[in-house]
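I have placed the structure first, in the form of structure tokens, so that the comments after it can refer back to it.
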Amino acid sequence: MTQQVSQDNLPPTTAEASSAALPSLPLSQRVAVAKSFEPVPFIPPLWARNQHIQTIFGSESVRTRLFGRHSQWPFIDDLVRARVDTPDGDFIDMDFYYWDGDRAHELHRCVAEGRVEKPSTSDPLVLVLHGLESNSRSPLCLKMARAFHARNFDVCLVNFRSCSGELPRTVRAYNVGFTEDLQFLVERFRHITPSRPLFLAGFSLGGNVITKWLGSMGEEAYAVKGVRGAAVACVPFDPLAAQPKIDSPGFSRLVYTGNFLRTLKVKAETHHQRFPGSFNLDGVREAKTIGEFDRHFIAPIFGFADKKDYYMKSASKPHLPFIRTPYMAINARDDPFVDDESLPQERHVDHVAKQHTDDVGAPVRLVYTEKGGHCGFYMGKGGWSLAEEMGRFLGDVDRAHNGLL
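Per my numbering, the very first residue in the sequence shown carries number 4; after that it's consecutive.
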């Protein structure tokens, strides 16, 4: 059964735990590990080549709507929930999934209580960030957890604020470029479990948050924070270009935008009751697109001048050349949420990175498939799996750090 552990008084995390004892690689080897990854080609069945079929079937939205549960539902009972308070007075709920079921695991309690994990372990830990209006118990999050679990990773599935089923305590929730909570969690885990290598994984909005944070941190993410690898998928690297794509008139606006706005507007109504005057409620109620919602809700509560200012400052694309942690992103060119022409090119990332690394480059691997939709990559029973490819990359990176690759 799922067990909940919460707390109210976490000690502050201002001191950095050293990651010097963790296995490390020089930048040139990190680049080699990332660049050497060869993804398995994704070839969907003929009946599932359409981007919308891929997106809808891959997300299991039809199955969930019809039967009230998705294919990963049985694994929810294997999760253990913990809560941490944030420095600004809010909280983050997380679900833990452990690879070694025979060992008594206390990491979730250590996180909740703010104490160092004992006995210490060098088992790798991956933090998973979900997408817009998703949560830690979504089908893709659980598929990723199982893929990482199969490679001996412990897994922490993170809920963005307002996505765990409880309202946030503060006026801020989350957005496509909000890296503050990721920074806080990485520092917290570095303090609590200093001997574990950390890895990051995420999709859609969560993938953008990870990408932006890694690039903004540069070498510090690897050398100081102890983040050894990252795998992301379906990333809206350029939100300014992505917003018109998802909001485009027709199927996308009717199905995708409409689905997101249903939950976003409900949250906004409650938010206004608790924090009156923090945003334009009438504008939110009248919003017909994600762009309009962001203009009237996200931009004001996070202090952006307008939605364009929000999108430009949240873009992860400019940060890619400055990533120094082995990193892999998988995007489909037919993604209905992401503009194909805005996708970053690996050669450009390398060109800029080499100017800052004595011609070494960045450990960045960008994988683009022709088909797959948004977080879909549906193959029917068996076959190619987005979660498996992400797990395979992180597994390779972990083995490389242990001299096994």
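Heads up, the beta-carbon is just placed ideally off N, CA and C, and yes, glycines get one too.
| request: Check each candidate in 129, 266 and 239 and name the one with the smallest Cα separation from residue 397. | output: 129
| query | Taking just the CA atoms, how far does residue 293 sit from residue 254? | reply | 14 Å
| C-alpha distance - residue 317 paired with residue 234, whole-angstrom precision | 19 Å
| What's the call for residue 50, buried or exposed, on a 16-neighbour Cβ count within 10 Å? | exposed
| query | For residue 91, which of helix, strand or coil comes out of DSSP? | reply | coil
| said: Using only CA atoms, which one of 400, 333, 395 and 402 lies nearest to residue 372? | reply: 333
| Within the 8 Å Cβ cut-off, does residue 377 reach chain B? | You won't find chain B in this structure, because it holds only one protein chain.
| If you follow the alpha helix (DSSP H) that residue 113 is part of, which residue opens it and which one closes it? | 110-116
| task | Compare the beta carbon distance of residue 204 and residue 131 with 8 Å and say whether it is the shorter of the two. | result | yes
| Does the Cβ-Cβ distance between residue 134 and residue 193 come in under 8 Å? | no
| field | Terminal residues of the alpha helix (DSSP H) in which residue 144 lies | value | 142-152
| request: Select from 188, 251 and 54 the residue whose C-alpha is nearest the C-alpha of residue 216. | output: 188
| Is there contact between the segment 169-177 and the segment 302-312, where contact requires at least three CB pairs shorter than 8 Å? | yes
| query | Counting Cβ pairs closer than 8 Å, one from the segment 334-353 and one from the segment 268-279, do we hit at least three? | reply | no
| request: Kindly list the residues whose CB is nearer than 8 Å to the CB of residue 405, restricted to its own chain and excluding five residues on each side of it in sequence; keep chain order. | output: 26
| Thinking C-alpha only, which one of 151, 311 and 111 is nearest residue 191? | 111
| Looking at the unbroken beta strand (DSSP E) that takes in residue 372, where does it start and where does it end? | 367-372
| Buried or exposed: which applies to residue 390, given that a residue is buried once 16 or more other Cβ atoms fall within 10 Å of its Cβ? | buried
| request: Could you have a look at residue 24 and say whether DSSP puts it in helix, strand or coil? | output: coil
| Helix or strand or just coil, what does DSSP make of residue 130? | strand
| Which partner residues of residue 160 appear in the DSSP bridge assignment? | 98 and 131
| request: With a cut-off of 8 Å on the beta carbons, I'd call residue 368 and residue 330 a contact; round off their distance for me. | output: 7 Å
| task | Indicate the three-state DSSP secondary structure (helix, strand or coil) for residue 206 in the structure shown. | result | strand
| said: Check this for me: beta carbons of residue 115 and residue 140, under 8 Å apart or not? | reply: no
| message | Taking the straight line between their C-alpha atoms, what separation do you get for residue 354 and residue 201? | response | 28 Å
| request: Verify whether the separation of the beta carbon atoms of residue 97 and residue 144 is less than 8 Å. | output: no
| query | For residue 394, does the three-state DSSP call read helix, strand or coil? | reply | helix
| query | Is residue 407 helix, strand or coil when you go by DSSP? | reply | coil
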